[in-house]
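Residue numbers (the working numbering): 57 to 174.
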């Protein structure tokens, strides 16, 4: 029962983050903390909404296949030199020292939504 509650909460946070950002299907979304409880659900929900390009940002390469299996189009690690083309939306579940990287990944007039970054 406790695990089910955690899944419901994580799913609610992922949905709320996407609803706040309101990405169009033609836009791109970068999700930091993409392998986290909220992050991996946000990856799946973004793809289910038809988002054209979903980029998953994670702490290590070992999480890449897991996220690819969930639908992520691109995987970057926090220490990657390049995070690819700018994105329209960043869903940031990490914050802290990673925030400057997340901001630099945004396209002009991009949107940044924080989740779980206490």
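Here a beta-carbon is modelled for each residue, glycine too, at the ideal position from N, C-alpha and C.
Next on the checklist: Once the 5 residues before and after residue 92 are set aside, which same chain residues still bring their CB inside 6 Å of it?
Outcome noted: 149
Item to check | Separation of residue 82 from residue 174, as counted between CA atoms | outcome: Bear in mind that the predicted position of residue 174 carries a pLDDT of just 48, short of 50, making it unreliable; the figure below should be weighed with that in mind. About 31 Å.
Checklist entry - How is the alpha helix (DSSP H) around residue 104 delimited, first residue to last? => result 93-104
Checklist entry - Buried or exposed: where does residue 104 fall if 16 or more other Cβ atoms within 10 Å of its Cβ makes it buried? => result exposed
Next on the checklist: Considering just the uninterrupted stretch of the alpha helix (DSSP H) at residue 154, what are its terminal residues?
Outcome noted: Bounds of any alpha helix (DSSP H) do not take in residue 154, whose DSSP letter is neither H nor E.
Next on the checklist: I'd like to know whether the C-beta atoms of residue 88 and residue 158 end up nearer to each other than 9 Å.
Outcome noted: yes
Next on the checklist: DSSP three-state label for residue 240, please.
Outcome noted: This structure cannot speak to residue 240, because the chain is shown only from 57 to 174.
Item to check | Bridge partner(s) assigned by DSSP for residue 85 | outcome: 110, 145
Checklist entry - Is residue 73 helix, strand or coil when you go by DSSP? => result helix
Checklist entry - Of all the options 153, 109, 80, 85, which has the alpha carbon lying nearest to the alpha carbon of residue 169? => result 85
Checklist entry - How would you write the range of the beta strand (DSSP E) that residue 166 sits in, first residue to last? => result 162-170 is the span of the beta strand (DSSP E), which, as asked, contains residue 166.
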